[in-house]
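Novice: Attaching a single structure in structure tokens format; questions to follow.
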Amino acid sequence: MAYSCSYETPEPENTQLVSKLGKEVELKTFKTNATDQRPEMDVPRSIHKRLCILCVGDWTGGKSKQIYVDHYMGNKGGTDLPIIGAEFRLYEKKVTLPVLSTRQQRTIFVMLGERERHSRMMRTYLKIGPPVGTVVFWGPTMPSSLDGAVKWKEAVQENLPSAKDDHFPFVLLTDNTCSVQWLGENKIFKDKQAMDSFCEQNGFLTWFEMLESSERLGEDNVFGRAVDSIVNIEKSFI
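Here it is in structure tokens:
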């Protein structure tokens with residue numbers, strides 16, 4: 429706030445009184461047009477962004493993928509959300525993440541794809557989404573689902589041109605809730621390094637293993653970490 433102040437020279441009869449008080453008075457008249465220098469409040473802007481994440485894969489021999497998605501959404505049981513066609517379920521979750529000086533409100537849609545890799549429904553829905561990343565399931569209980577995971581990745585790339593870009597992430601999720609020993613000599617993979625090499629050779633960003641003990645409600649479970657790995661890639665392109 430700017431202030432304008434003025435002082436008047438005291439009348440002659442008051443000069444002696446001021447002198448007796450032993451005070452020296454500097455008499456000035458001034459004006460100012462200074463502006464308020466208080467810093468402005470940094471009010472974050474809200475930016476709404478929709479992120480679609482596709483979840484696909486053959487039957488893993490464990491639990492339904494729907495259960496893992498339900499846990500991520502914070503649901504203990506099933507969902508009443510409609511089935512899209514006969515092969516897709518649509519889930520919605522809102523999260524708020526700070527991005528630089530803004531707060532980005534993100535709506536995460538999880539599309540759960542089942543059954544056929546080359547169905548008409550899949551081709552149509554991928555164009556409507558479209559997803560920014562894909563979680564592909566496989567399970568050591570059904571070793572053939574690993575080959576299926578690679579075929580699912582190829583099917584998504586075939587039906588979604590943007591999935592061929594280097595920054596489009598595919599994350600491999602190992603459904604091992606049945607606690608099958610799949611790492612070691614004469615197993616599916618010799619060790620974790622061999623699994624890392626498989627992912628690198630087949631274009632998967634990373635992989636996670638879901639165990640019975642890792643099932644938790646909310647974003648902290650293994651499926652949530654897989655989703656986060658995709659969201660973090662998306663943040664780098666904002």
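The numbering of the sequence shown is this note's numbering, which starts it at 429 and goes up by one.
Here a beta-carbon is modelled for each residue, glycine too, at the ideal position from N, C-alpha and C.
Predicted model only: the values in this text are computed from it and were never measured.
1) In chain order, what residues of the same chain have a beta carbon less than 8 Å from the beta carbon of Lys-581, not counting five sequence neighbours either side?
2) What would DSSP say about Cys-627, mapped onto helix, strand or coil?
3) Looking at the secondary structure, which residues open and close the alpha helix (DSSP H) in which Trp-487 lies?
4) Can you find the residues in the same chain that come closer than 6 Å, C-beta to C-beta, to Tyr-496, ignoring five residues on each side of it along the sequence?
5) In the DSSP assignment, what are the bridge partners of Ile-481?
6) Here's a check: name, in chain order, each residue in its chain whose Cβ is nearer than 7 Å to the Cβ of Glu-640, leaving out the five neighbours to either side.
7) In this structure, does DSSP put Asp-593 in helix, strand or coil?
8) Going by beta carbon distance, what residues of the same chain come within less than 6 Å of Trp-610, once the five residues before and after it are set aside?
9) Just to confirm before moving on: does the CB-CB distance between Lys-579 and Gln-585 stay below 7 Å?
10) So, using beta-carbon positions, are Ala-654 and Phe-626 closer together than 7 Å?
11) Can you give me the C-alpha to C-alpha distance between Met-638 and Pro-558, rounded to a whole angstrom?
Specialist: Quick look at the numbers:
1) Thr-562, Val-564, Phe-598, Asn-630, Gly-631 and Phe-632
2) helix
3) Here Trp-487 belongs to no alpha helix (DSSP H), and DSSP marks it neither H nor E.
4) Contacts found: Phe-651.
5) Val-538 and Gly-561
6) Thr-605 and Ser-607
7) coil
8) Pro-568 and Ile-616
9) no
10) no
11) Cα to Cα, the separation comes out at about 26 Å.
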